[in-house]
Amino acid sequence: MGKRKSGPFSGQQISSNFSNVTNFPTFFMIKRNSTVNETFHTVSPFLVEKAITETIGEVKSTKKLRSGDLLVEVHSRKQSQQIVKVKNFSNIPISVSPHASLNSSKGVITCGELLNVATEEILKELQSQGVSHVRRISIRRDGQLLNTKHLILTFDSAKLPEHIKVEYMRLSVRAYIPNPLRCFQCQRFGHSKTSCRGTLTCARCAEVGHDSSRCTAAEKCVNCKDAHTSFSRNCSAWKLEKEIITTKIKKQISYPEARKLVKSMTPTPGNSFVSVAKKSSSAPSADRNTDASVVSNSQPSESLTREPLRGTSSLGVTGFTTPRYPSVLSPSVFSSP
Ligand SMILES: [Zn+2]
Ligand SMILES: [Zn+2]
Ligand SMILES: [Zn+2]
């Protein structure tokens, strides 16, 4: 199995200049302080623009959300410190706070040398580079949980650094893309069993009223109706879901926005993504790539893509892709006629 050349993984002397780590919040929510629920839907954009430039200068972007609140992205640490102090836009009282989720990002590093180092120690050593959390990816093999050399790092900045320094090593950081969350009760994507409002549906035959544990009926997928189980990685609906999540993270947009974008890249409306993905899934490399080039240099690569045991979350243990490199649903999928 060929090693990817993306990262010089050992023995590299490098400088300690990691200036690309930002380490301060760049996305801020601005709400109107109003007892009668007034929002920015009724405020002149001229007033907003003028108020922002006069208080903190020109910002990277300003968006009005559906809620009527503003989402502002700032350029610099200075603006980041200034914006939270702003109390009024002209005569309109406001409150400013860092956005709850947009100011952090998750990346994956691969490092055999850290295989036997505790994640607490790794966190302590990497904190100065903006790392706020470390989780090791483990895989289940023959009922045993095994550590891998892949680590998921959470950074306290919206922009993922391209590299991270581990003493004399320089490791490339790939964006972490979680697998689609599939409900173990109704088998649909996007929620878990605990919040399911659907009915118990068999993951093997798609019939309602029983689970798949003792089912021997013919395989049928709940989500795409094809002849495979609902947890199959060949499922076109799963691949579509994965592509939406990938787009959401790569472009830092909301799930609905990402969904719209992915759908709009589908060649023919109506003859949707599903049939396109189906065609391409017979290509020789498609299957193996499904879950990530990241896993291609680890020995037990298939197990990363395997359906986790009943009752375990697919999010924690299974795969991820590296959007900076081609993944299974790279644009070539969409460009076919
Ligand atoms: Zn459900
Ligand atoms: Zn069944
Ligand atoms: Zn399917």
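Under this note's numbering, the residues of the sequence shown are numbered 259 to 595, in order. All C-beta atoms in this analysis are idealised placements derived from N, C-alpha and C, irrespective of residue type, glycine included. Remember, it's a predicted structure, so these values are computed and weren't measured experimentally.
- Check the Cα spacing between Glu465 and each of His333, Lys483, Lys382: the tightest is with Lys483.
- Excluding its 5 nearest sequence neighbours in each direction, Leu305 has C-beta neighbours in its own chain below 6 Å: Ser348, listed in chain order.
- Asn361 is classed as buried because its beta carbon has at least 16 other beta carbons within 10 Å across all chains shown.
- Straight through space, the alpha carbons of Arg440 and Thr452 are spaced by roughly 12 Å.
- Apart from the 5 residues on each side of it in sequence, Ala485 sits with its Cβ closer than 8 Å to the Cβ of Ala476, Glu477, Lys478, Cys479 in its chain, given in chain order.
- About 38 Å separates the CB atoms of Gly456 and Ser415; that is not less than 8 Å, and the two are not in contact.
- Under DSSP, Gln402 forms a beta bridge with Arg399.
- With at least 16 other beta carbons inside 10 angstroms of its own, Ser430 counts as buried.
- By a beta-carbon distance limit of 8 Å, Val354 contacts Val342. Their separation comes to about 5 Å.
- Counting along the chain, the unbroken alpha helix (DSSP H) around Leu498 starts and ends at 494-509.
- Shortest gap from the CB of Ala485 to any heavy atom of ligand 2: 7 Å or more.
- Under the three-state reduction of DSSP, Arg517 is assigned to helix.
- Contact between Lys318 and Leu328 fails: their C-beta atoms lie close to 13 Å from each other, not under 8 Å.
- The beta carbon of Val294 is closer than 8 Å to none in its chain, skipping five residues each way along the sequence.
- The segment 267-344 is shown to contain whole alpha helix (DSSP H) runs of 4 or more residues at 303-313, 335-341, in chain order.
- As the crow flies, the alpha-carbon of Ile350 is around 54 Å from that of Asn405.
- Between the C-alpha atoms of His299 and Arg290 there is a straight-line separation of about 10 Å.
- Under the three-state reduction of DSSP output, Gly370 falls in the helix class.
- Residues Leu439, Cys441 of the same chain have their beta carbon placed closer than 7 Å to that of Ser450, with the five preceding and five following residues left out of the count.
- If you look at Ile352, you'll find it in the beta strand (DSSP E) that goes 350-356.
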